[in-house]
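See structure below.
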Amino acid sequence: VQVLTKATHGQTRQYNERLVLRTVYDLGPISRADIARRTHLTRTTVSDVIGGLLEQGLVEESGRGPSSGGKAPILLRFVADSRHVIGLDLGEETFSGALANLRGQVSHQVELPVGGRDGADALALVYRLVDQLVEQAGVIRWAVNLDWQDLPLASLLTERYRLPAHVANDSQAAALGEYAFGDRVRTPNLVAIKVGRGVGAGIVLGGQLFQGDSHGAGEIGHIFTVDDGAACRCGRFGCLETVTSAPAIVREARALAVGTPGSLLHRASLRQGDLTLDDVRVALDADDPVACAIVLRSARFLGRAIAGLIGTLDVHRVVLHGSVTAFGATWLDAVREEATRRALPLLSSRTEIDIVTISSGVVLLGASAMLMTNELGLSLTR
Ligand SMILES: [Zn+2]
Numbered sequence: 572v573q574v575l576t577k578a579t580h581g582q583t584r585q586y587n588e589r590l591v592l593r594t595v596y597d598l599g600p601i602s603r604a605d606i607a608r609r610t611h612l613t614r615t616t617v618s619d620v621i622g623g624l625l626e627q628g629l630v631e632e633s634g635r636g637p638s639s640g641g642k643a644p645i646l647l648r649f650v651a652d653s654r655h656v657i658g659l660d661l662g663e664e665t666f667s668g669a670l671a672n673l674r675g676q677v678s679h680q681v682e683l684p685v686g687g688r689d690g691a692d693a694l695a696l697v698y699r700l701v702d703q704l705v706e707q708a709g710v711i712r713w714a715v716n717l718d719w720q721d722l723p724l725a726s727l728l729t730e731r732y733r734l735p736a737h738v739a740n741d742s743q744a745a746a747l748g749e750y751a752f753g754d755r756v757r758t759p760n761l762v763a764i765k766v767g768r769g770v771g772a773g774i775v776l777g778g779q780l781f782q783g784d785s786h787g788a789g790e791i792g793h794i795f796t797v798d799d800g801a802a803c804r805c806g807r808f809g810c811l812e813t814v815t816s817a818p819a820i821v822r823e824a825r826a827l828a829v830g831t832p833g834s835l836l837h838r839a840s841l842r843q844g845d846l847t848l849d850d851v852r853v854a855l856d857a858d859d860p861v862a863c864a865i866v867l868r869s870a871r872f873l874g875r876a877i878a879g880l881i882g883t884l885d886v887h888r889v890v891l892h893g894s895v896t897a898f899g900a901t902w903l904d905a906v907r908e909e910a911t912r913r914a915l916p917l918l919s920s921r922t923e924i925d926i927v928t929i930s931s932g933v934v935l936l937g938a939s940a941m942l943m944t945n946e947l948g949l950s951l952t953r
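Take the sequence shown: its position 238, counting from 1, is numbered 809 in the working numbering, and each next residue is one higher.
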């Protein structure tokens, strides 16, 4: 009984601490009295918790606010530089890492080419990346990493650097990045979909990343989409990825270019051999009908998948990122149109589908956001 009571007390304290910290993060500079009003905690509890946060350096006093009759209250604000986090984005060709403060401001960024390394060599490269960033930071409190499936990277990093580490895939990290540091007013729920080499969604519900029972939530790239479809890298056929990903679009363009002698794609393929995603974009921008047809078809399949997410989750905000978003308005409009057409109007009419507002490094920033959520409880919900 004693143990239980203590645990509960500890949990309450942590809960209060996170609530107060979040309030200062979102609303500071703010007085102790205002924090108490906002959080419905007693003023004694707030003062007590603030004392602890001041000691940890997470908040600081920042002058006095306007007086409402009596003595002007002391204001408190969040110290963004009190901790630094390392975000890693371990892609297929490049490992990149960033050092960011708790407002997501990046002070250092390092990129190392993978050059075909795998296994122990790839791990050594990760260590080199983290070492370089640690050097820049001086004192680091937490580290985080992303998108690593072959090794228990989180525990390896935790052991080596004696720092907590968390793992998510790049779609999940990007969702948190946009949620936490995006330009727009925060909504509690958000889905971010990556459409690049692969296709995947990150789902934020109630300010928290939803990872599912085995961290696989949002793996929409392998939802069955087309009968008699192409082979997918997962070993099955006709997955969403086989019709909407960058490689799928390029494959389709190469196939159609051969039989359409008048098209820009055909001319581009004659000029330079194999077509790239950028060739398709250039042809699309020049209103080439073959390129238009390819891009619109793939956009519609994506729109249909989004309609499914809207129907399942009732989210009002869906953001898209990844190399395929380079197709711009033509592609985006087709995605929107199809999503609206295929979802219940009551739900889809309130959903906005956009390209992410963070143009670069959304995955790296998401890594920082994940750490803030997991380690400081800055789940960033209002
Ligand atoms: Zn698949």
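For glycine and all other residues, C-beta sits at the position ideal for the given N, C-alpha and C.
What three-state label does DSSP hand residue i in the structure shown?
i, result
"C863", "helix"
"R635", "strand"
"G830", "coil"
"P735", "coil"
"E664", "coil"
"A802", "strand"
"R648", "strand"
"I926", "strand"
"V574", "Any reading at V574 needs caution, since the residue's pLDDT is 43, under 50, leaving its predicted position unreliable; the model's value is listed next. Residue state, collapsed to three classes: helix."
"A788", "coil"
"V595", "helix"
"S742", "helix"
Identify the residues that DSSP records as bridge partners of residue i: which are they?
i, result
"G773", "A763"
"F781", "I774"
"V960", "This structure cannot speak to residue 960, because the chain is shown only from 572 to 953."
"S726", "Per DSSP, none; premise fails for S726."
"I601", "L647"
"F795", "C810"
Do you know offhand how far residue i's Cα is from residue j's?
i, j, result
"T610", "L590", "7 Å"
"R852", "F898", "6 Å"
"R648", "M943", "17 Å"
"P860", "L629", "57 Å"
"A751", "D597", "11 Å"
"A938", "L841", "43 Å"
"L811", "F795", "6 Å"
"L776", "I924", "17 Å"
"D850", "T901", "16 Å"
"R854", "R871", "Looking at the sequence itself, residue 854 is Ala, so the reference to Arg does not match. Their backbone Cα atoms lie some 19 Å apart in a straight line."
"G893", "G581", "42 Å"
"S518", "L673", "What is shown of the chain runs 572 to 953, which leaves residue 518 out entirely."
"L700", "L694", "10 Å"
"L646", "G636", "6 Å"
"V620", "P600", "16 Å"
"R733", "V697", "16 Å"
"E706", "Q585", "31 Å"
"K765", "L747", "13 Å"
"I926", "V889", "8 Å"
"D692", "G668", "17 Å"
"G833", "A826", "14 Å"
"R822", "L624", "55 Å"
"G767", "L873", "12 Å"
"H837", "V738", "43 Å"
"T896", "N945", "30 Å"
Using CA coordinates, which residue listed in the options is at the minimum distance from residue i?
i, options, result
"D845", "I820, T815 and L811", "I820"
"A828", "T813, G800, C863 and I794", "C863"
"M941", "R635, R733, H679 and G778", "G778"
"H655", "N587, V770 and S678", "S678"
"S639", "A651, E749, D605 and G753", "D605"
"A788", "T831, A772, E908 and A643", "A772"
"R912", "Y732, I881, D858 and R731", "I881"
"C805", "G769, V927 and D784", "G769"
"F558", "Q680, S726 and I929", "Any property of residue 558 remains undetermined from this structure, which presents the chain solely from 572 to 953."
"G932", "I926, T813, A745 and R825", "A745"
"G783", "N740, R755 and A817", "N740"
"S742", "D754, I791 and P735", "I791"
"L661", "L917, T729, G686 and C803", "G686"
"T975", "S869, P759 and S834", "Limits of the chain in this structure are 572 at one end and 953 at the other, which puts residue 975 out of reach."
"T594", "V650, E626 and D692", "V650"
"P644", "E632, P684 and S653", "E632"
"E703", "R807, T847, R822 and L683", "Contrary to the premise, residue 703 reads as Gln rather than Glu in this sequence. It is L683 whose Cα lies nearest to the Cα of Q703."
"A986", "V934, V797 and T847", "Because residue 986 is not part of the residues shown, which for the chain are 572 to 953, the question remains open."
"E588", "S602, T616 and R608", "T616"
"A763", "L848, V886, E909 and E663", "V886"
"Q676", "L761, K642 and I929", "I929"
"G658", "L592, P735 and G622", "P735"
**Q.** Continuous beta strand (DSSP E) assignments of at least 3 residues falling wholly in the segment 604–636
**A.** 630–635
Q.
What ranges does the alpha helix (DSSP H) occupy inside the segment 836–924, keeping only unbroken runs of at least 4 residues that lie completely in it?
A. 848–856, 860–884, 899–913 and 916–919
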